[in-house]
């Protein structure tokens with residue numbers, strides 16, 4: 216589930232960033248808790264290609280502490296990733312010269328973070344809040360999709376009242392996601408503005424196996 220969410224989220228975002236004057240140094244530091252990874256990577260996510268580029272790497276200390284550095288000439292999006300995973304831990308935007316990211320894993324699941332916090336970067340915090348809200352809502356959609364699929368295997372037709380109720384529930388969740396998106400755009404801060412494409416949402420609902428009135 217979390218793997219799916221992390222895979223689709225990059226498709227939803229484009230970042231429009233203002234140029235900064237001259238080159239600036241960016242430092243990211245923090246602590247990784249409850250993980251046996253040895254290395255951490257700082258990856259830049261270019262707007263044009265969305266193909267991640269490694270900008271720096273560092274060995275994690277015995278206490279999980281790390282420090283990464285790079286040079287940047289404009290506002291950009293950066294991922295933090297551990298050596299044992301192809302999926303990012305967290306995303307940040309360089310609206311400050313020094314940003315702290317603390318990541319906590321559960322002992323039962325060391326592949327995906329249980330939680331993380333961002334300090335000294337208001338724009339990164341807004342991005343985190345949005346992604347968290349989106350993920351929570353999308354997990355509800357996937358939960359409904361599993362119920363929908365289970366009912367379908369028992370012989371329920373597309374016009375069955377229970378399936379109609381699920382589709383109505385999903386459409387309500389989709390409306391909530393649109394509201395979260397609009398609220399995020401209203402609170403947008405420079406130097407980076409997060410643009411989201413709510414029109415893609417019906418495609419993900421359809422991918423989950425639920426066809427709503429808005430799906431094609």
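In this note's numbering, the protein residues as written are 216 to 431.
By construction, the Cβ of each residue, glycine as well, lies at the ideal position given by its N, Cα and C atoms.
At the C-beta level, residue 363 and residue 381 come within 7 Å of one another. Secondary structure note for residue 330: its beta strand (DSSP E) is the uninterrupted segment 330–334. Of 356, 351, 366 and 341, the smallest CA-CA separation from residue 401 is found for 341. When C-beta atoms of the segment 265–280 are compared with those of the segment 249–256, three or more pairs fall below 8 Å, so the two segments count as touching.
When the alpha-carbon of residue 353 is set against those of 307, 396, 289 and 338, the nearest one is in 396. Cβ contact annotation for residue 326 (same chain, cutoff 7 Å, sequence separation greater than five): 300, in chain order. In the three-state DSSP reduction, residue 287 falls in the strand class (E or B).
Taking all protein chains shown into account, residue 388 has 16 or more neighbouring C-beta atoms within 10 Å of its C-beta and is therefore buried.
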